[in-house]
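Numbering (UniProt numbering), first residue to last: 1 to 160.
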């Protein structure tokens, strides 16, 4: 099965997150994903792009984010969001995002940090690389039965 690739470079600005989301939505729709899966993909891409916009370049005026879609017809969609900005400590973010219990003081709860957890909950496979910025690899399978079958086939195609 031949894969097709779509690549875009967008300014890392809030107004461009919607363009990334709509692009990926169109690709997923063309592939035949269900409405619910398309919505999950859109949210995951929005979160990954929002993280790049909000955290990667901090006080810098100019920064960009790369969006790559690797399309495997009738199999899966791999989405890569990459920035060249500041990296982060994923384990620290996860610790700050622990489940809220009755014992938590509401004033001490940390705002934000749920994006990575949400991406991991919505997509079938997620890897995050922290070299020369942050690269978020997300995979959504067409059929849930295939989630474990293609694990060794994850694309290593570099994004911009």
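Glycine included, each C-beta is placed from N, C-alpha and C at the ideal position.
Range of the contiguous beta strand (DSSP E) that encloses residue i
{"i": "residue 72", "result": "64-72"}
{"i": "residue 22", "result": "Where residue 22 is concerned, there is no enclosing beta strand (DSSP E), although the alpha helix (DSSP H) it sits in stretches over 14-31."}
{"i": "residue 114", "result": "Element bounds for residue 114: n/a, residue is neither H nor E."}
{"i": "residue 130", "result": "Neither: residue 130 is in no beta strand (DSSP E) and is coded neither H nor E."}
Same chain only: Cβ atoms within 7 Å of residue i, ignoring 5 sequence neighbours per side
{"i": "residue 3", "result": "70, 71 and 72"}
{"i": "residue 64", "result": "9, 10, 11 and 12"}
{"i": "residue 29", "result": "38"}
Residue i (DSSP reduced to helix, strand or coil)
{"i": "residue 6", "result": "strand"}
{"i": "residue 42", "result": "helix"}
{"i": "residue 83", "result": "strand"}
{"i": "residue 94", "result": "Residue confidence is low: residue 94 scores 48 on pLDDT, short of 50, so the model does not pin down where it sits. No coordinate-derived value is stated."}
First through last residue of the alpha helix (DSSP H) which encompasses residue i
{"i": "residue 58", "result": "That residue, residue 58, is in no alpha helix (DSSP H); it is neither H nor E in DSSP."}
Top-ranked residue by Cα proximity to residue i, from the options
{"i": "residue 50", "options": "134, 121 and 34", "result": "134"}
{"i": "residue 142", "options": "74, 116 and 45", "result": "74"}
{"i": "residue 53", "options": "77, 37, 85 and 29", "result": "85"}
{"i": "residue 83", "options": "76, 114 and 130", "result": "130"}
{"i": "residue 140", "options": "31, 55 and 115", "result": "31"}
{"i": "residue 76", "options": "27, 55 and 128", "result": "27"}
Cut-off 6 Å between Cβ atoms - residues of its own chain near residue i, not counting five sequence neighbours on either side
{"i": "residue 138", "result": "44, 79, 123 and 126"}
{"i": "residue 40", "result": "122"}
{"i": "residue 109", "result": "Here the model assigns residue 109 a pLDDT of 46, short of 50, so the residue's position is not dependable, and the following value carries that caveat. Hits under 6 Å: none found."}
{"i": "residue 57", "result": "12, 63 and 85"}
Contact set for residue i: own chain, Cβ-Cβ below 8 Å, skip 5 residues either direction
{"i": "residue 5", "result": "68, 69, 70, 71 and 157"}
{"i": "residue 59", "result": "none"}
{"i": "residue 20", "result": "8, 10, 45, 46, 49, 65, 67 and 81"}
{"i": "residue 23", "result": "6, 8, 67 and 69"}
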